[in-house]
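In our numbering, the protein residues as written are 132 to 217.
For each residue, glycine too, the CB sits at the ideal point set by N, CA and C.
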């Protein structure tokens, strides 16, 4: 019983150690990024605070007076008599 508990505890400790190692690697990467930004004199903005990029296409098409094509394959010939074999 005690041996089993010891084995489980060692497994948990090993798992926690691997988590600590990966967090330390992430910290090192982040520190390098910050150092690079300091060299470039760029202010650091976390991704969570950056504005989301949104595509605004409907206004653009409205200005030019046409809708974007739905599918290029859905184009039909304008006069079916011209395309049918004689």
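Is residue i helix, strand or coil by DSSP?
i: residue 132; result: coil
i: residue 173; result: coil
i: residue 165; result: helix
i: residue 183; result: coil
i: residue 201; result: coil
Between the C-alpha atoms of residue i and residue j, what's the straight-line distance to the nearest angstrom?
i: residue 111; j: residue 146; result: Any property of residue 111 remains undetermined from this structure, which presents the chain solely from 132 to 217.
i: residue 139; j: residue 133; result: 10 angstroms
i: residue 141; j: residue 178; result: 37 angstroms
i: residue 162; j: residue 173; result: 14 angstroms
i: residue 293; j: residue 137; result: With the chain running from 132 to 217 in the structure shown, residue 293 is simply not present.
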